[in-house]
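In short: position in the sequence shown from 1, add 1, done, that's the working numbering.
Heads up, the thing below is written out as structure tokens.
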Amino acid sequence: MKNTFTKLLFFLMLLFFIISCCKDEETSGNNFLSNGDIENGQQDWQSNITDVFNENEYKFGVSNDIACSGKSSLFITCDEVTKNEPFANYFQSFPATAFKSGENLTLTVKVKGENLIGEGVSVAFRGNKTGKNEPTFFKTTQGFNSLKGTFDCREVKLTLNPYLGDSDIIYVFLILLPNTTGKVYFDDIFLTNK
Numbered sequence: 002m003k004n005t006f007t008k009l010l011f012f013l014m015l016l017f018f019i020i021s022c023c024k025d026e027e028t029s030g031n032n033f034l035s036n037g038d039i040e041n042g043q044q045d046w047q048s049n050i051t052d053v054f055n056e057n058e059y060k061f062g063v064s065n066d067i068a069c070s071g072k073s074s075l076f077i078t079c080d081e082v083t084k085n086e087p088f089a090n091y092f093q094s095f096p097a098t099a100f101k102s103g104e105n106l107t108l109t110v111k112v113k114g115e116n117l118i119g120e121g122v123s124v125a126f127r128g129n130k131t132g133k134n135e136p137t138f139f140k141t142t143q144g145f146n147s148l149k150g151t152f153d154c155r156e157v158k159l160t161l162n163p164y165l166g167d168s169d170i171i172y173v174f175l176i177l178l179p180n181t182t183g184k185v186y187f188d189d190i191f192l193t194n195k
């Protein structure tokens, strides 16, 4: 009986160790974004839905039917491109004081696409200094990671290595690029530091 208990205890400890080692390092830290899992709907996420940007009649919303994890995701859809320049995006901003100079910042987003035709989808993050027009940094998947067509949830990562500590505010963008029709879902959005 004692031998069986020892084996069971050893097995449970081994199982715990294996599960702990398999955790994704990038998303296991603090997420500096609010509502990154989208379980609170569109809370904390803004969109560029204005007359100027919405000439292509983009539709923004929360899906409770399709999600990469949990029950909800953000979506943007466009049925027809009538103007070539406008694009659609969600964004979130917050003070950059949480980050120290020299840290590596990683943005991780899960993206699902349905019939995306045209330029596709990108994710990006940017730092700004108060009173300056030019960003202090800008990282994007546009031109590097083609997100087009129909695909299941796919993890997309961007890393800023290192952050120079020269920003006052950081923005995260989830973008349906110009000249794109179809539907995109965004979920599990993390911005972490190391």
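Using N, Cα and C, we set each Cβ at its ideal position, and we do this for glycine too.
Residue 168 sits buried, since 16 or more C-beta atoms from the chains shown fall within 10 Å of its C-beta. Measuring C-alpha to C-alpha distances from residue 181 to each of 135, 120, 46 identifies 120 as the nearest. A check of alpha carbon separations from residue 98 across 153, 179, 114, 33 identifies 33 as the nearest. C-alpha of residue 42 to C-alpha of residue 117: approximately 23 Å in a straight line. Assignment of residue 137 by DSSP, reduced to helix, strand and coil, places it in the coil class. The beta carbon of residue 156 is closer than 7 Å to those of 109, 111 in its chain, skipping five residues each way along the sequence. Under DSSP, residue 158 forms a beta bridge with 109. Residues 61, 91 of the same chain have their beta carbon placed closer than 6 Å to that of residue 48, with the five preceding and five following residues left out of the count. The alpha carbon of residue 193 has as its nearest neighbour, out of 159, 72, 170, 73, the alpha carbon of 159. Just measuring C-alpha positions, the residue of 64, 50, 127 sitting nearest residue 40 is 64.
Taking C-beta separations shorter than 6 Å and ignoring five residues to either side along the sequence, the partners of residue 70 in its chain run 189, following chain order. Around the CB of residue 44, fewer than 16 other CB atoms lie within 10 Å, so the residue is classed as exposed. Apart from the 5 residues on each side of it in sequence, residue 185 sits with its Cβ closer than 6 Å to the Cβ of 77, 114, 122, 177 in its chain, given in chain order. Its chain contains 136, 139, 172 as the residues whose beta carbon lies nearer than 6 Å to that of residue 127, once the 5 sequence neighbours on both sides are disregarded; these appear in chain order. Residue 98 carries a helical assignment under DSSP once its states are collapsed to helix, strand and coil.
One thing to note: residue 94 has its Cβ within 8 Å of the Cβ of residue 170.
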